[in-house]
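Taking it in order: structure first as structure tokens, then the write-up.
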Amino acid sequence: MTTEAPVLAKKDFQSDQEIRWCPGCGDYAILSAVQTVFPELGIPKERFVIVSGIGCSSRFPYYMNTYGFHTIHGRAPAVATGLKLARPDLQVWVVTGDGDSMSIGGNHLIHTIRRNVGLKILMFNNRIYGLTKGQYSPTSELGKKTKSSPVGSPDYPFNPLALALGAGATFVARSVDIFQSHLRDVLRRAAQHEGTAYVEIYQNCNIFNDHAFEYMTEKESRQEQVLYLEHGKPLVFGDQRDKGIRLNGTRLEVVHFADGFGPDDCLVWDEEREDPIFAFMMTQLLPPAFPTPIGILRSVPAASYDSRVLAQITAAQEARPARLDDLIRGPETWVVE
Amino acid sequence: MTTEAPVLAKKDFQSDQEIRWCPGCGDYAILSAVQTVFPELGIPKERFVIVSGIGCSSRFPYYMNTYGFHTIHGRAPAVATGLKLARPDLQVWVVTGDGDSMSIGGNHLIHTIRRNVGLKILMFNNRIYGLTKGQYSPTSELGKKTKSSPVGSPDYPFNPLALALGAGATFVARSVDIFQSHLRDVLRRAAQHEGTAYVEIYQNCNIFNDHAFEYMTEKESRQEQVLYLEHGKPLVFGDQRDKGIRLNGTRLEVVHFADGFGPDDCLVWDEEREDPIFAFMMTQLLPPAFPTPIGILRSVPAASYDSRVLAQITAAQEARPARLDDLIRGPETWVVE
Amino acid sequence: MSESVSTVESQPREVPTEKLDEVVIRFAGDSGDGMQLTGGQFTSTSALVGNDLSTLPDFPAEIRAPQGTLPGVSSFQVRIADYDIHTPGDAPDVLVAMNPAALVKELKDLQPNGVIIVNTDEFNERNLKKAGLASNPLENGSLQGYRVYTVALTTMTRRALEGSEVDSKTQERSKNMFALGMAYWLFSRPLEPSVRWLERRFKDKPALADANIRVLRAGWNYCNITEAFQVRYEVDRAQLPAGSYRNINGNSALAIGLVAASRRSGLPLFLGAYPITPASGVLEEVAAYKHFGVTTFQAEDEIAAVCAAIGASFGGALGVTISSGPGIALKMEAINLAVMVELPLVICNIQRSGPSTGMPTKTEQADLLQVMFGRNGESPMPVLAASSPKDCFETILEACRISLRYMVPVFFLSDGYVANGSEPWRFPKAEELPDLRIDFRTDPEGFLPYLRDEETLSRPWAIPGTPGLEHRIGGLEKSDGKGSISYDPANHERMTFLRAEKVARIANEIPPLEVVGEPEGRLLVLGWGSTAGAITGAVNLARREGLSVSRAHLRYLNPFPPNLGEVLSRFDQVLLPEINSGQLALLLRARYLKDILSFPKVQGKPFVRQEIVDKIREVLA
Amino acid sequence: MSESVSTVESQPREVPTEKLDEVVIRFAGDSGDGMQLTGGQFTSTSALVGNDLSTLPDFPAEIRAPQGTLPGVSSFQVRIADYDIHTPGDAPDVLVAMNPAALVKELKDLQPNGVIIVNTDEFNERNLKKAGLASNPLENGSLQGYRVYTVALTTMTRRALEGSEVDSKTQERSKNMFALGMAYWLFSRPLEPSVRWLERRFKDKPALADANIRVLRAGWNYCNITEAFQVRYEVDRAQLPAGSYRNINGNSALAIGLVAASRRSGLPLFLGAYPITPASGVLEEVAAYKHFGVTTFQAEDEIAAVCAAIGASFGGALGVTISSGPGIALKMEAINLAVMVELPLVICNIQRSGPSTGMPTKTEQADLLQVMFGRNGESPMPVLAASSPKDCFETILEACRISLRYMVPVFFLSDGYVANGSEPWRFPKAEELPDLRIDFRTDPEGFLPYLRDEETLSRPWAIPGTPGLEHRIGGLEKSDGKGSISYDPANHERMTFLRAEKVARIANEIPPLEVVGEPEGRLLVLGWGSTAGAITGAVNLARREGLSVSRAHLRYLNPFPPNLGEVLSRFDQVLLPEINSGQLALLLRARYLKDILSFPKVQGKPFVRQEIVDKIREVLA
Ligand SMILES: Cc1ncc(C[n+]2csc(CCOP(=O)(O)OP(=O)(O)O)c2C)c(N)n1
Ligand SMILES: Cc1ncc(C[n+]2csc(CCOP(=O)(O)OP(=O)(O)O)c2C)c(N)n1
Ligand code: SF4
Ligand code: SF4
Ligand SMILES: [Mg+2]
Ligand SMILES: [Mg+2]
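Protein sequences, first through last, are from chains A, B, C and D. Numbering-wise, the first sequence is residues -17 to 319 according to the numbering used here. Numbering-wise, the second sequence is residues -17 to 319 according to the numbering used here. Numbering-wise, the third sequence is residues 4 to 624 according to the numbering used here. Numbering-wise, the fourth sequence is residues 4 to 624 according to the numbering used here.
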């Protein structure tokens, strides 16, 4: 199929379904960002498919006027992998939650990332099971009190981006539901990536886990708590941009320019580093000691799984004629008169 | 139960079952190492349980004269987690393969590691599905020709130790089937760890993937290809110990002492680093550019999942009397005469 | 005057009171309006008053719907009576509608000439539109044929709280207490129980407690003072068997039953689960019982949950897992491992409407064949089903007993209707409960992992840590007795037989099926699980009408009670209502070659009594 | 002289030849001895000669057993005949035993006075001990009653290769060719086919090819020259229907059938699978057919495999997944999604012995009820079963046709016996195969995702990329027609009915069940799947004995052929042999209320003809 760039607008991607998220849910903001970015991509509407699992977040496809598949809990990446293999011409986006993709769906997620399947995966991380009404999730903090953990969760949480990098992710990013313009930029970059683009989106569940990300989303604290990763720029942050991140031996530390340090002492961000070490370092910047990095943690080119599989098939087709009769006949036959 | 140190010998851990691995299989060497180490641990034999999944490697329990559970494919960590939670007094070891734990069992593996359940996990990595007669596994190299990949595997392989660190592993190590004394040391260290001890063991499948690790196991090349991680020692290797690993900015590189470098230029190994960055760096030392690190990549103390769960229960028991009649009666009752 | 609101209790106004033998009330409003809580309070108070009762909550689908819309309506139906009842009632006599959507959605169920109490404050343009109404039903006469009482509930609530320190959002939210107060007045119930409850609930937030109590009283007083209602109703206490009672829902009865089984067996309870509607509540409740030494493990998925339970069972705990249909499907491979290694394990399936994700918040009984047959190979398992909320307690104890005694995984079936519905329960004393103690094998002398007990055919439970009993188990076929791996054809046939025979022998211990009504005759109405209430109510009514019909209810679906075949043979016809397409009917036909009149209903809703009564009439006509 | 070994072909020695109508030969040796290959060669050559034949390979369990031990024995049985046969034969006439373990393990099956050819070189202390033998059976007279031929096979092979450049390990390994050469002489078969095959196989290793050919000839010459054998045997060509034949096993027929279905439907094949015995072979074979544009996806587990197939199907491919019992259990939740979204999907279950891991390399038919009912909720699915290796081809084509035409997931059942067994196949021409083309929906005009075809009730297949047909599907209950989420009770009941009715209507298209023998009478032997051969053989034999017995075989297990009930009613008794505890019997009893004589066998082994013949006699006695 050829891609003639059609002129599309946000409304073209809005479905007629009435939206059933709680008022104030962070999912609305993400939906809006996606509906804003899709028309810009110059891809015909019918070429988009959104595949989701089960969860509040996974209701996403119903609100997008594209092809959509609301599958079963945790399996969206597997369904999407099959779809992408069968139809490399499609833009396949996976929408999932921290329970859907980090809990029951963890295995499909890491294998999709490992293979580098050409999927864009948006993981709405609200650190809770929303749809089932508020049990702790694999990203909930240790000791978190929820319906199913009355005296606090005994689980250490996952660091989703560290896990993705450990699985060999070629594109890893993080953004926040209400940081609209930043989120849109990240989505545009994800759309461009050939392999698996894994995007963690901090999303507020105002019913079961309100204020989860307040520490960094509040206007006041934002500059102090957020580290914007910008390719080629030093890792500087703070209201006055008066702090930075440097590497001391193999240790990361915050330096205050007041103490005579300057941007030159800080690490210069490189999202294209061939090895994942630098990106992995960023996943270890955790509050309260460090600001939380958002933006592109890793973006390196690598042939997608679907392209490699397709190449094998094409090569085979060029190398050998495919006659069904030959296949049925097989190597040895005999005739009975 | 009290632990009076019994005097046990290797033969105490040998079962009467006749071993059914192929002659020459690396599994024999690992079995021997385990049978040698167990008696040294001063733990009564009946206190050991070996839980496995399905695969050649997973036949392991039958050959150990301890309690054993040969479960189903990929689920050993989940079964073992339940056992350890119910019976913290037991020494629970999980034996699994690269297919059993990295493929179908990937999710249970990363969640066990995340929770830091008090299990010792031995992953026999022969980079192939042995029991099903030679299909590629998630650790098989890209392009590997196997029964199910006649023109080569289209999958990028997992880096098992990177994945474990990405999942938050507190103890990570690597050894090799035929490096008997090294393997025994690693097993002893694993036995001491409170949380999840994840050990990757390179294991040769001489039937379906022979020579997989020859590049580093051959006497000739061994010193050149293996980097022995020793706590507090510089990362030096080579026949003449004339090469080392240093960090240049955020990049790792091999330095040749011939070029004027010395051990002081090399990174000093620290297996106890609180953050996983240094350990993660080691997982990125890949052949042929780098020697392959073996030994302890990470060993940091952290309360095990089972100990935290137990603490919650004990606290609750001390805080509240547990009268079944009260529970049945509930908050509100009325009487009918 | 009639618009002022007093919040201090005054003397009941002199109005005629009408005695009713039963009444069905449905509280309906927006998800946010607290209808479940309101219904719950009305229920407990009525219980304390001594009525028999039965409730039916109905929440919107898991995902939240926009305020004021039809999908957002949450309702709670309670039936109170002065005689013993078995269902929450077919059609409500009274409907409390907190907004237009609630009125629209629930009206169709209301009895002709039924009472409607509406909150007029919510009947504005926006809400009418959201409810898909062109004009206001309070004005367009569409409510003719009902007794409509319009109250500015929100306004009244605000008034009642003038000068209160709680913020206005909270004020507004307490309007359900106003409705509750009204209901209490109308049905002559005391306010005290709810007052006490509010005080308990908000003991750290006195202001909140006070506010709610004020509104509750205000609602009561409103009815008492205004001339709106010219009659009050009374429903006398029911003649229930003497004893101590509590109100309980199915999931709580199950949770408590599991703890009880742990106590009575002396084994620590290990509950492995992954949240899923409608089973999550059991996990959440048991998690609160840590002081009983129970362990709850919220796993990464259903497979890990059941595997962990199997591991715990191998270690000597009472291993249990709970889930619902889709999760049960995922567990089957592991459950089959438990069948092969012959360890105790109890799997609770709180059934919901399928197939696939289906209608998660709706009830169904359509997983019977799944739990019977959803495993590869010949894999027989005992299956028990609870017939009502309180019956979950007894049935889970029995499921645990069988599992421990026979070393076999057992399925416990419940469904959304039983799980969320509630009823009074004449609860037992702990020491009256069955003794579930068993012995672990400790003697190495002559120990073989698969040497069987002559009577039950169960194998010894030898747990790790026991000196001298070191052994290996696993999913491969085992040699009879020794338990080592065996590919011997005759052995496989024998082990297959033994696994089946072990389950079959349970029948020797279970009570014979009881027939209520004539022991033989023209028609038997047979049921299993949550249809018990509707069937009982229907058969009682039909019999009062003089129809010759008996009933029987199955708790044991595998194995069947030994006398089942003979019972069936004694009736010309057997009518089998099921909330599925006839799954038990299939099993009975296959087993007894008797034609069963299958009466399926697959609407995600329980049977109402009338449906079964009509069917009985039709069959006997 | 008798000890020298010539490797150049000489003229057949003048010996009496005896004509046989059939003979059963079993080649048995250590896993490493290449018995499967030897048997395979003997089979193809016999096929070329024109015999009818049937084979039964038997490997040791997946895990490798130590050399020379009983668990390590691998055998291959082939039956050749001059008339048409249906099974690999009950008991071998000739046993080739390459070592003591093979002799011990296989001897019990051998016909009285059967021929035994043993490799004496392997009968040393160590090997006798490994086989659990106290003394040497070749010397202790325990082989009385058999015709034993002892040959120093290894020594002979070495001799034959004196001066050859291949290493001695390789030399030793080629001894199976010596045995093959002997068998060729003994049964008067030409050497050329195997010679050609060896040349093809080792075309890059001429030395190896030459060595094997030399040993093959040496074996033939050995018999020809030595006086060991005083008679040769001949089995004439069978009178098979005219046409072109090939030899084929079940998994190959399935793999080729899938490619054929792809070609005939014009849809690219997507095969998602996770390796598992005995299904892996299908994945491996299809992976080699990339030039047909097929995609194979080796997934991380069975769930991902089926989910990927569903995703591919959503995208417009022919989505297929293969596995065996335990893997099928894991797939069920996802298969149920396919039932709900009504997409084409074919699930192949190559059954093995269960429950749980069971006996992976052994055959069984015990997953029928699992595939029928192993999903939550009311989830009907078509189920078809292949009756023989070659029948896998036709049956998979039919399964794909139904799946595509009705937009429904379909189960295809095979088992280890059918998968690994082989038989001659009069293969069809591609253009004679059914036309499986379907149309994707492309017209936006009046498009609704769940608007149904009047005849088949199937919904439109509208694939992504089609302008104007953007829509959403999922696992929640759908509204009839529009396909949007619906919790409406009546709609759920209707959709439940429609999903069932769609499957039921398939019966209108499938051929009526054919009865072979009298259309009515005292006894019908009914079968399904892999029991076809044994039943056919048995019934034919019983009829030759004049017994009044007919037979019929089911390919369609859901829905049943429309005339099935009526067929059953025409016979006094229905005997149903199954490699399970009576699973189809249960379905038939439930459906037709007819008492079925279930004849179960659960030994991980197929029926032998004699077992069924005896049963028929017993029933008719
Ligand atoms: C097989 C299965 N198990 C469990 C569930 C119940 N369930 C639905 S969504 C969900 C978790 C959702 O959490 P998350 O993915 O974080 O989504 P959110 O609602 O927070 O957006 C669970 C446990 C299910 N639908 N299916
Ligand atoms: C549910 C299930 N799926 C598939 C299989 C088949 N199977 C058994 S072992 C195995 C892979 C074994 O590979 P690995 O874990 O690396 O063990 P190895 O044999 O190499 O030691 C597979 C796919 C199975 N037994 N069960
Ligand atoms: S429950 Fe939380 S995540 Fe779900 S819709 Fe409501 S606010 Fe959003
Ligand atoms: S197949 Fe490979 S891994 Fe398995 S036993 Fe043989 S050599 Fe070892
Ligand atoms: Mg979430
Ligand atoms: Mg392996």
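Ideal Cβ positions, reconstructed from N, Cα and C, are used throughout, including at glycine. As the structure is a prediction and not an experimental result, all values here were calculated from the model.
Inset, instruction - Output the distance between the C-alpha atoms of residue 178/A and residue 151/A, rounded to the nearest integer angstrom. - result: For this step, residue 178/A is matched to residue 196 along the first sequence. For this step, residue 151/A is matched to residue 169 along the first sequence. C-alpha separation (whole angstroms): 7 angstroms.
Inset, instruction - Output yes if chain A places a C-beta closer than 9 angstroms to the C-beta of residue 80/B; else output no. - result: Translated into positions along the second sequence, residue 80/B becomes position 98. With 9 angstroms as the cut-off, residue 80/B does not count as an interface residue toward chain A.
Legend entry - Any non-hydrogen atom of ligand 4 closer than 8 angstroms to residue 39/B Cβ: Walking along the second sequence from the start, residue 39/B turns up at place 57. Within the cutoff, so yes.
Legend entry - chain B within 9 angstroms of residue 255/C, Cβ atoms only: Looking up residue 255/C in the third sequence gives position 252. At least one chain B Cβ lies under 9 angstroms of residue 255/C.
Inset, instruction - Return yes when the C-beta of residue 79/D is under 8 angstroms from any heavy atom of ligand 6, and no when it is not. - result: Indexing the fourth sequence from 1 puts residue 79/D at position 76. Incorrect: residue 79/D has no Cβ contact closer than 8 angstroms to ligand 6.
Inset, instruction - Closer than 8 angstroms by beta-carbon distance: list the chain D residues that pair up with residue 294/A, in chain order. - result: Along the first sequence, one-based indexing puts residue 294/A at 312. Here the neighbours are 293.
Legend entry - Among 247/D, 259/D and 308/D, nearest to residue 310/A - alpha-carbon criterion: The residue labelled residue 310/A in the question sits at position 328 within the first sequence. Looking at the Cα atoms, 259/D is the closest of the given residues.
Legend entry - Listed by chain order, chain B residues near residue 119/D by CB distance under 7 angstroms: For this step, residue 119/D is matched to residue 116 along the fourth sequence. By Cβ distance, chain B contributes nothing, its closest Cβ being about 27 angstroms from residue 119/D, past 7 angstroms.
Inset, instruction - Check whether the Cβ of residue 140/A sits closer than 8 angstroms to any heavy atom of ligand 5, and report yes or no. - result: Taking the first residue of the first sequence as 1, we reach residue 140/A at position 158. Residue 140/A: no, Cβ never under 8 angstroms from ligand 5.
Inset, instruction - List the DSSP bridge partners of residue 102/B. - result: Taking the first residue of the second sequence as 1, we reach residue 102/B at position 120. According to DSSP, which records beta bridges pairwise, residue 102/B is partnered with 75/B and 179/B.
Legend entry - Contacts of residue 21/B in chain C (Cβ-Cβ under 9 angstroms): Numbered from its first residue, the second sequence carries residue 21/B at position 39. In chain order: nothing, as chain C lies at least about 14 angstroms away.
Inset, instruction - Could you check the C-alpha separation between residue 511/D and residue 437/D for me, to the nearest Å? - result: In the fourth sequence, residue 511/D corresponds to position 508, counting from 1. In the fourth sequence, residue 437/D corresponds to position 434, counting from 1. Near 18 angstroms, if we compare the C-alpha coordinates of residue 437/D and residue 511/D.
Inset, instruction - Output the distance between the C-alpha atoms of residue 134/B and residue 395/D, rounded to the nearest integer angstrom. - result: Numbered from 1 along the second sequence, position 152 holds the residue referred to as residue 134/B. Numbered from 1 along the fourth sequence, position 392 holds the residue referred to as residue 395/D. Cα to Cα, residue 134/B sits roughly 28 angstroms from residue 395/D.
Inset, instruction - With residue 53/B as the anchor, note down where its beta strand (DSSP E) starts and where it stops. - result: Within the second sequence, residue 53/B is the residue found at index 71, counting from 1. Counting along the chain, residue 53/B falls outside any beta strand (DSSP E), and DSSP gives it neither H nor E.
Legend entry - Residue range of the unbroken alpha helix (DSSP H) whose run includes residue 226/D: The count along the fourth sequence starts at 1 and reaches residue 226/D at position 223. Unbroken alpha helix (DSSP H) run through residue 226/D: 209 to 228.
Inset, instruction - Could you tell me if the beta carbon of residue 2/B falls within a distance shorter than 8 angstroms of some heavy atom in ligand 6? - result: Position 20 of the second sequence, counted from the first residue, corresponds to residue 2/B. Because no heavy atom of ligand 6 lies under 8 angstroms away, the Cβ of residue 2/B does not count as near it: no.
Legend entry - Beta-carbon gap between residue 97/A and residue 137/B smaller than 9 angstroms: Locating residue 97/A in the first sequence gives position 115, counting from the first residue. Locating residue 137/B in the second sequence gives position 155, counting from the first residue. For residue 97/A and residue 137/B, yes; Cβs fall inside 9 angstroms.
Inset, instruction - Could you confirm whether any beta carbon from chain C is found closer than 9 angstroms to the beta carbon of residue 227/B? - result: The count along the second sequence starts at 1 and reaches residue 227/B at position 245. By this cut-off, residue 227/B is not an interface position.
Legend entry - Distance, residue 568/D Cα to residue 381/D Cα: Along the fourth sequence, one-based indexing puts residue 381/D at 378. Along the fourth sequence, one-based indexing puts residue 568/D at 565. The alpha-carbon atoms of residue 381/D and residue 568/D are separated by roughly 23 angstroms.
Inset, instruction - Please name the residue or residues paired with residue 556/C in a DSSP beta bridge. - result: Stepping through the third sequence from its first residue, residue 556/C is reached at position 553. Answer by DSSP bridge pairing, in chain order: 530/C.
Legend entry - Per DSSP, the bridge partner or partners of residue 248/C: In the third sequence, the residue the question calls residue 248/C occupies position 245. Residue 248/C pairs with 316/B and 429/C.
Inset, instruction - For residue 0/B, decide whether its Cβ has a neighbour in chain D, counting only Cβ atoms nearer than 9 angstroms. - result: The residue labelled residue 0/B in the question sits at position 18 within the second sequence. With 9 angstroms as the cut-off, residue 0/B counts as an interface residue toward chain D.
Inset, instruction - Flag residue 66/A as yes if its beta-carbon sits less than 9 angstroms from any beta-carbon of chain D, otherwise no. - result: Here residue 66/A corresponds to residue number 84 of the first sequence, with the count starting at 1. Yes, because at least one Cβ of chain D sits closer than 9 angstroms to the Cβ of residue 66/A.
Inset, instruction - Put residue 89/D into one of helix, strand or coil per three-state DSSP. - result: Along the fourth sequence, one-based indexing puts residue 89/D at 86. Coil at residue 89/D, not helix or strand.
Inset, instruction - Tell me, please, whether the CB atom of residue 150/B is closer than 9 angstroms to any CB atom in chain A? - result: In the second sequence, residue 150/B corresponds to position 168, counting from 1. Cβ-Cβ to chain A under 9 angstroms: yes for residue 150/B.
Legend entry - C-alpha distance - residue 615/C paired with residue 538/C, whole-angstrom precision: Residue mapping note: residue 615/C aligns to position 612 of the third sequence, counting from 1. Residue mapping note: residue 538/C aligns to position 535 of the third sequence, counting from 1. Whole-angstrom Cα-Cα distance: 7 angstroms.
Inset, instruction - Leaving aside the five residues before and after residue 341/C along the sequence, list all residues of the same chain whose C-beta is less than 7 angstroms from its C-beta, in chain order. - result: By 1-based counting over the third sequence, the position of residue 341/C is 338. For residue 341/C, where only same-chain residues beyond five positions count, the Cβ hits under 7 angstroms are 313, 348 and 412.
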